[in-house]
Amino acid sequence: MASKGNFSLSLHPSSFIPHPLKNQPRIGVINISDRASQGIYEDIPGKACLELLKEWLTTEFEVSYAVVPDEQDQIEATLKRFADEEHCSLVVTTGGTGPAPRDITPEATEAVCERMLPGFGELMRAASLKYVPSAILSRQTAGTRGSCLIVNLPGKPKAIRENLEAVFPAIPYCIDLIGGARLETNDAVMKAFRPKGA
């Protein structure tokens, strides 16, 4: 089995800049938080998300990583950079999906995506409702930009796992359909759905 999540990162003021590894898919993780971007809070959500990806995927992948404030222009710019310049097949965001005035991750996502995939948000809310009634306040969504799938996740590690666990079986095949790099999962912990022959 291939090693999981093989990547190399160097620290930058507000993001991690990866060193390229040849012929490997790239996944972007963006933690959207005013306080984490200022160094007031530790970046726990983004790291939690990355650990899940390393656990579930057997495909070796490169990582693009950033921590940005709840500013729509900065979120949009980072999403575009990860999709267009760094050629991520998958970008997951954490945080900024609630109804508070500065929760604008869904708006930034919709602004940069060419096609929206509302089923992702519907399933994530349904999954969260099993645990908390406030799940109906969540506005996370997903969409595609070129050959990149962008998925919004909440900001708490427990909710990140619950939401990503619900939708991840469909993610590798979705990326296949839009022309992104193929991702294989560890079936013992996360079985992806693909039609026979896909």
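Under this note's numbering, think of the first position of the sequence shown as 51, with each following residue one higher. A virtual CB, placed ideally from N, CA and C, is assigned to each residue, including glycine. These numbers were taken from a predicted model, which means no experiment stands behind them.
Closer than 6 Å by C-beta to Arg85: which residues in its own chain qualify, once you throw out the five before and the five after it? Chain order, please. Tyr91, listed in sequence order.
Going by alpha carbons, who is nearest to Tyr181 out of Gly96, Cys224, Arg211, His137? Here the closest residue by C-alpha is Arg211.
Do Glu136 and Gly78 come within 8 Å of each other at the CB atom, strictly closer than that value? The answer is yes: Cβ separation under 8 Å.
Who pairs with Asn81 in a beta bridge, going by DSSP? DSSP lists Val117, Thr144 as partners of Asn81.
With a threshold of 8 Å, are at least 3 pairs of Cβ atoms found where one atom belongs to the stretch 103-115 and the other to the stretch 164-173? Remark: fewer than three beta-carbon pairs, one from each stretch, lie closer than 8 Å, so the stretch 103-115 and the stretch 164-173 are not flagged as touching.
For a minimum of 4 consecutive residues, which ranges assigned as the alpha helix (DSSP H) are wholly contained in the stretch 192-235? Counting only runs of at least 4 residues, the stretch 192-235 fully encloses the following alpha helix (DSSP H) elements, listed from N- to C-terminal order: 207-217, 221-227.
Which residues share a DSSP beta bridge with Glu112? Beta-bridge pairing links Glu112 to Arg76.
Ala240 - DSSP class collapsed to helix/strand/coil: The sequence shown places Met at residue 240, not Ala. Of the three classes helix, strand and coil, the one that applies to Met240 here is coil, per DSSP.
How about Asn213 and Ser178: are their beta carbons less than 8 Å apart? In terms of Cβ geometry, Asn213 and Ser178 form a close pair [threshold 8 Å].
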